[in-house]
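Asker: The sequence shown: position 326 = 326 (my numbering), numbered continuously.
All residues carry an ideal CB built from backbone N, CA and C; glycine is no exception.
Predicted model only: the values in this text are computed from it and were never measured.
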Amino acid sequence: MNDEPAERWTPDEGVARRSVLRTAGTLVGLGVAGPAAADPDERGGRDDLPACGGEPTTAPRPGPDVLYDSPAVAPQFENGDGWEADPLLVSGATGYDAGEFRYQDWIYDDHGADTSPTRTPPTEQPSNTVYGGATGDIVYPTDDDRFRHNAADLLEVRCRVVDPDGAGEPERVAYRFTLNTMVEPDAAVVALGIDTSGEGVGAGGSADAVRDWGYGLGDLGAPVEHRLVTWGTGAELDGEALPDDAVTVDTNRNQIEVVVPLEPPAAAAAVPGGGENGAVWRHYCVTGVHDGDGAFASIAERPTADQPGGANGQDVPPVFNVGFRRPDQEPMGAPNFDEDTEPADLGGELRETHGNGSRAVGFGHWRDHGQARALADRELALFHADIDFEKLRDGVAETDVPTGGFVDRLYASRVDLMGLQSGTGDGAYRYGEGVEDRRGSQDPSPGDRDAESPSAGHEDVLSGRIQPYSVYVPSSYDPAEGAPLHVHPHSLSGTYNQYAVYTPDLLAELGEERGALVLTPEARGPGQWYHDVGELAVFEAWADLRARYAVDEDRVTVGGYSMGGYATYRFCSHYPDLFAKGFATVGPPDEAAEGGPSDGRVDSRHNVLQVTDNLRHVPLLMWNGANDELVPVTGPVNYARRLREHGYRHELDVFPGYDHFLFAVRDNWGRGKRFLDGAFLGDGTVTRSPARVTYRAVPEMDAVSPELRDLGLVHDGAYWVDDITPREDAASGLVNAISHGDGYTPRLTEDYRGVGRDPDPNLQRGTRVLDQTVRKPGTNELDVTLEGVETATVHVEAADLNPGRAVVLTVESDGPATLVLKGSFGEREVQVESGTTEQLVRLCTRGFGGFRPDADGDERPGSAGPGT
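1) Kindly give me the distance between the Cβ atoms of N150 and V435, rounded to whole angstroms, as I take these residues to be in contact under 8 Å.
2) Should L192 be labelled buried (16 or more other beta-carbon atoms within 10 Å of its own) or exposed?
3) Taking the alpha carbon of G712 as the reference point, which residue from C844, D532 and V774 has its own alpha carbon closest?
4) Enumerated in chain order, which unbroken segments of the alpha helix (DSSP H) with a length of 4 residues or greater are wholly contained in the segment 526-590?
5) Would you give the residue range spanned by the beta strand (DSSP E) that F101 belongs to?
6) Exposed or buried, which one is T403 when buried takes at least 16 other CB atoms within 10 Å?
7) Whole-angstrom Cβ separation of G625 and D659, contact assumed at under 8 Å?
8) Looking at the structure shown, is K391 part of a helix, part of a strand, or coil, going by DSSP?
9) Name, in chain order, the residues that DSSP records as bridge partners for K822.
10) Report yes or no: do the segment 744-759 and the segment 711-727 share at least 3 C-beta pairs separated by less than 8 Å?
11) With three or more C-beta pairs closer than 8 Å as the rule, is the segment 539-552 touching the segment 477-492?
12) Candidates Q307, T845, A792 and A98: which alpha carbon is nearest V830's?
13) Whole beta strand (DSSP E) runs in the segment 111-178 with 3 or more residues, listed along the chain?
14) Could you tell me the alpha carbon to alpha carbon distance between S116 and H646, rounded to whole angstroms?
15) Which of the three DSSP states is assigned to E512 in this structure?
16) Kindly list the residues whose CB is nearer than 6 Å to the CB of I256, restricted to its own chain and excluding five residues on each side of it in sequence; keep chain order.
17) Identify every residue that forms a DSSP beta bridge with M469.
18) For L392 and T181, I'd like the C-alpha separation in whole angstroms.
19) In the DSSP output, which residue or residues are listed as bridge partners for M182?
20) So, helix, strand or coil for Q255, using DSSP?
21) If you follow the alpha helix (DSSP H) that A93 is in, where does it begin and where does it stop?
22) Give the DSSP-derived three-state secondary structure of P484 in the structure shown.
23) Among the candidates S197, F101, N802 and D577, whose CA atom is the shortest distance from the CA of P56?
24) Based on DSSP bridge pairs, tell me the residues matched to R696.
25) Give every residue of the same chain whose Cβ lies closer than 8 Å to the Cβ of D437, excluding the five residues on either side of it in the sequence, and list them in chain order.
26) Less than 8 Å between the CB atoms is what I'm expecting for A697 and S732, so what's the real figure, rounded?
27) Here's the rule I'm using: 16 or more other beta-carbon atoms within 10 Å means buried, otherwise exposed. How should R119 be labelled?
28) Determine the direct distance from the alpha carbon of S475 to that of D814, and round the result to whole angstroms.
29) Within 10 Å of its beta-carbon, does V774 have 16 or more other beta-carbons around it, so buried, or fewer, so exposed?
30) Just how far apart, CA to CA, sit S441 and P121?
31) Along the chain, where does the alpha helix (DSSP H) that runs through A381 open and close?
32) Is N762 helix, strand or coil when you go by DSSP?
33) So which of Y215, E379, R302 and G835 has the shortest CA-CA distance to T142?
34) Do the CB positions of G239 and S493 come within less than 8 Å of each other?
35) Grab me the residues of S834's own chain with a C-beta within less than 7 Å of its C-beta, minus the 5 sequence neighbours each way, in chain order.
36) Exposed or buried, what is P636 when buried is set at 16 or more other beta-carbons lying within 10 Å of its beta-carbon?
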C-alpha cells in the first residue's frame, strides 16, 4: 500500500504554506506577489485587474478539433445538373429519393475473380494483405499513374427518368456511375445489363435476351435484353454507339452520366409472353479496365502497362467490381481450421496457413468474397437491382439502410492531403486517388516477402477522399438516449471488417451485450500505425459516426488487437480526457525488443513508453500471451512496470501457452466486457475534471504536416491543462498540477497479484486504488510541477478554482517558465524561475458571481468531478 509517488504533503500542509506566506509578508492585495517585493508600477495594482463576475469558462473540449467537425462532402458525393438525392453512405444499401434510385457499393473491393487459393505471382494489390486479404486475385496494369490500383472501383450507381424533349417524345433513362478513382476519364469501363423481360432470374429472359454480353465479358450467367457500356469518353447500347451528347464525364467528381434512348416502363406494362412486371427493370453492373477500343481488357497471367493480370490459368471475366451486392451476399468468416485441431494448436495452424502461401487468412475483409466466387463461376444473377420506375416518377423516399447490427459506412475526408509528408520523411503522398503502393516492387515473387512477418510492405496508403469504417449498432440502440461507444482499431495487416471476420463474439460481448456502438476505422490502410494520416482517419471516422448516431460521450472506451492494442496505448495517452478505459490485446508499446517489438514499422518517435505519465485517469487491462512470437511478453511487462511505478490503475494478464493469435481464435472477451463496464479498476465513465492532471507533451509525436496540426493533431495537454510547450533543450515537457479547489486527497494504491481463469488460466498483476473516507476541505490553491516546460496554460474555473479570490500558487520548475492562467477574467501570465516559487495571484476584482460559499463562508466552485 502506498500513496501516489508524487504526493508528499501532509493533510495540513496547504494551511501551513499559506501561513508561511503571510509571515513573509507576501500576501498583499497585488496582482502577483512573489518572495521579493516589486515596484508597484511594475507589478500592477488592483485597478489593472478586470472585474469579476463573467461567465465561468470551461476547459478545452477533449480531443482534436476535427472530432467535432460536421461531415465533409467529397466531390464524388456532389450532384451535377439533374441529380438531387443525398448519397446513402452505407455500403450495400439501396434506396429511392427525389426521383432517383441509388446503390452504394463498398470501396477498395475491386479484386475481381478468385483464381488461386495461394499467393502465386503476381502479388496482390497493395491493400490486399495476408491477414486482411481479399478473396479476388485480379490486379491492375502496372501503369500506376493511370490506374492507381483502383481505377475500376465502383462507388455508386444512380438512375432517374428523363422527361421528354418535347410533345410526343418518349421518356428516357439516365444512369450515373461514380468511381472511387478516376485519374483518366477512360481508364475504366462500366457495363450495365438491363433485363426488361420481367421473367425473373433463371427464366432466361425474353427471346431477345443474350447470355454473352459481348465487349470481352462473355457469359455472366445473367441474361439481359440490353447492354449499356461506357468508358467515360464514349458509350454504346447493344453494340451501337450513342451520340456524344448522351455521355458526360466529370473527372473531378469521378462520375460518368449516360442518357439512354430506352423508354422506361409504366405501371402494369404488358410483357411478352403474358407476364407482368409492373414498372420494374432488373439491372446488373460490372466494371473493368478499358482496353482502349470500347471493351474490357482481358486478364493476363501477369500485368503489363495496359493489361491486368492474375488469371492463374483460369478463364474468368475481365471484371474488377460487381455492383448491386447486398451485405448478406458478402459473407465474412474466420479461417477454416481442421475440426480435430486442439485449441492450443489453432494459432500455429493459422501461421502454417500463412507460411504455405495462403492468399489470405479468413474471408470478407474487403467484402468481396461473394463477388470473387461468383465471378470465378461466371454466375452473377444474384447481384442485381430491381428498379421501380413508378417509384421514381412518384418521388418515393425509402431505403434499406440497416438500423442495427454490423454496418459498413463511408465518409469523406475533409482535407486533400496532396503534398503532405508521410511522417517518415520518405516523400509526399499523391493523395486523393487510388492506392499509394509503398511496397517497392510491383511484382515480387512470393519468396521476396518474409512469410513469418506480416509487416512486409504494409505501409500502403488508401489515398482516396472517400474512406470506409465499420460500426456495430446494438439492438438496444435508441437515438433518443444515445449509447456508449467503444473504439476498436484494427491490427497490422487488418481492415475495418477485421473483427467481424475473426472475432464476431467480440462484437457481441463488447457491443451487443453492453448496448455499445463499436467503431473500427480503416485508418488509411493496413499499417499506418495510427499516427499522422492514420490518426486523422480515426478521428474523421469518429466524427462521422457522431453525426450519424447518438453517442454517450461519458462512456467512451477504446481497445484493439496487436497494432490496435498499440493504438489503445497511444490514444489513451494522448487523449486521456476522451476515454474511460482501455483494453489492449497483444498490443506492442514500442518497436524495441525490450519494449515490445512491433516488427520495426513504428518509428522511434512514436514509442508510447514516452507518455505513460498521461494515463493517471485511464485504467488499462492488457492481455498478452506468454508464447507470443510477434509481441514478446517482455514488452507489455516493461510497459506495465512503468504504470506500476506511476501508481496507475492497470492489470496485465499473461496467458501461458498463448501465442499472438489464440485470443482471436478463442474469441472470448467476457472479462474484458466486465472491465469496460466498471466491474474492477474503476467505473466505466470518462474522467472530465480531475483534481490532479499529469501530462507529458512530446512534440516529436505530433503530426508532421502543418495542415494536420491545424486540425488538432497536436498532443499538448488534457483536462484543464493545455498548450504545453517544452523548452528548446528538452524533448518533452511534463506538467503535474494539483487543484485544491474542491479538496484534494492523494490516492492510496496497492499492487496485487493473482491467478485468473477467464477466458483461460492466466497470471495477473496490477495496481488498484483503495477506498478512502478522508477528504480535505477545499482551498483556493494550485500546485504545479514543471519539467522541461517553457510555457503551459491552466484553465482556472475548469480546475475548480475561484478567480474572484486570490489563488495561492506554488510552482516547482527545473527551469524558467511561463504559466498562463486563463478564465472568465481573460489571461494572466505568471513568470517563474528554476526552483520553487510560491506566490499569491489575484486574477480579478471583487467576488465572483456563480460560486457557492462553503461551510466556512469561503467561495469556491462546484465539484471537480471524478478522479484524483
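Answerer: By the coordinates alone:
1) Within the sequence shown, numbered from 1, the residue matching residue 150 stands at position 150. Within the sequence shown, numbered from 1, the residue matching residue 435 stands at position 435. About 5 Å; that satisfies the 8 Å criterion.
2) Counted from its first residue, the sequence shown places residue 192 at position 192. Its Cβ being crowded by 16 or more others within 10 Å, L192 is buried.
3) Reading the sequence shown from its first residue, position 712 is the one you call residue 712. Here the closest residue by C-alpha is D532.
4) 533-548 and 563-574
5) Here residue 101 corresponds to residue number 101 of the sequence shown, with the count starting at 1. E100 to Q104 is the extent of the beta strand (DSSP E) around F101.
6) As a working mapping, residue 403 is identified with position 403 in the sequence shown. With fewer than 16 Cβ atoms within 10 Å of its Cβ, T403 is classed as exposed.
7) Within the sequence shown, residue 625 is the residue found at index 625, counting from 1. Within the sequence shown, residue 659 is the residue found at index 659, counting from 1. Right, the Cβ-Cβ distance comes to about 5 Å (below 8 Å), so this counts as a contact.
8) Counting from 1 along the sequence shown, the entry for residue 391 is found at position 391. Reduced to three states, the DSSP call for K391 is helix.
9) Counting from 1 along the sequence shown, the entry for residue 822 is found at position 822. H795 and E827, per the DSSP bridge assignment.
10) no
11) yes
12) Here residue 830 corresponds to residue number 830 of the sequence shown, with the count starting at 1. Closest by alpha carbon: A792.
13) 154-162
14) Within the sequence shown, residue 116 is the residue found at index 116, counting from 1. Within the sequence shown, residue 646 is the residue found at index 646, counting from 1. Approximately 52 Å, taken between the alpha carbons.
15) The residue you call residue 512 lines up with position 512 of the sequence shown. Helix, per DSSP.
16) Reading the sequence shown from its first residue, position 256 is the one you call residue 256. Cβ neighbours of I256 beyond the five flanking positions: F177, T230, G232 and V249.
17) Position 469 of the sequence shown, counted from the start, is the residue given in the question as residue 469. A quick correction: the sequence has Tyr, not Met, at residue 469. Y469 is bridged to R409 and P521.
18) Taking the first residue of the sequence shown as 1, we reach residue 392 at position 392. Taking the first residue of the sequence shown as 1, we reach residue 181 at position 181. Distance between the alpha carbons of L392 and T181 is about 28 Å.
19) Your numbering for residue 182 matches position 182 in the sequence shown. Its beta-bridge partners do not exist; DSSP assigns none.
20) The sequence position of residue 255 within the sequence shown is 255, counting from 1. In this structure, Q255 counts as strand in the three-state DSSP scheme.
21) As a first step, residue 93 is located in the sequence shown; it is residue number 93 there, counting from the start. Note, A93: premise wrong, no alpha helix (DSSP H); beta strand (DSSP E) at A93 to D97.
22) Along the sequence shown, one-based indexing puts residue 484 at 484. Correct three-state label for P484: strand.
23) In the sequence shown, the residue the question calls residue 56 occupies position 56. The shortest Cα separation from P56 among S197, F101, N802 and D577 belongs to N802.
24) Sequence index remark: in the sequence shown, residue 696 carries index 696 (1-based). Its beta-bridge partners are L734.
25) Along the sequence shown, read from residue 1 onward, the residue named residue 437 stands at position 437. Result list for D437: P126, D144, H149 and D460, in chain order.
26) Counting from one through the sequence shown, the residue named residue 697 turns up at place 697. Counting from one through the sequence shown, the residue named residue 732 turns up at place 732. About 6 Å separates the two Cβ atoms, so the contact holds.
27) Walking along the sequence shown from the start, residue 119 turns up at place 119. It counts as buried.
28) Within the sequence shown, residue 814 is the residue found at index 814, counting from 1. Within the sequence shown, residue 475 is the residue found at index 475, counting from 1. Cα-Cα distance, rounded: 54 Å.
29) Position 774 of the sequence shown, counted from the first residue, corresponds to residue 774. Classification of V774: exposed, given that the 10 Å Cβ count is below 16.
30) Taking the first residue of the sequence shown as 1, we reach residue 441 at position 441. Taking the first residue of the sequence shown as 1, we reach residue 121 at position 121. Model confidence at S441 stands at a pLDDT of 35, short of 50, so the residue's coordinates are unreliable; what they give is reported in the following sentence. Near 12 Å, if we compare the C-alpha coordinates of P121 and S441.
31) By 1-based counting over the sequence shown, the position of residue 381 is 381. From DSSP, A381 is part of no alpha helix (DSSP H); its letter is neither H nor E.
32) Taking the sequence shown and counting its residues from 1, one reaches residue 762 at position 762. It is a strand residue.
33) As a working note, residue 142 is residue 142 in the sequence shown. Checking every option, the nearest Cα to that of T142 belongs to R302.
34) For this step, residue 239 is matched to residue 239 along the sequence shown. For this step, residue 493 is matched to residue 493 along the sequence shown. In this structure, S493 does not lie closer than 8 Å to G239 by Cβ.
35) For the purposes of this step, residue 834 is taken as residue 834 along the sequence shown, with counting starting at 1. Closer than 7 Å at the Cβ level, and outside the excluded window around S834, lie S813, D814, G815 and P816.
36) Here residue 636 refers to the residue found at position 636 of the sequence shown. By the neighbour-count rule (16 or more Cβ atoms within 10 Å), P636 is buried.
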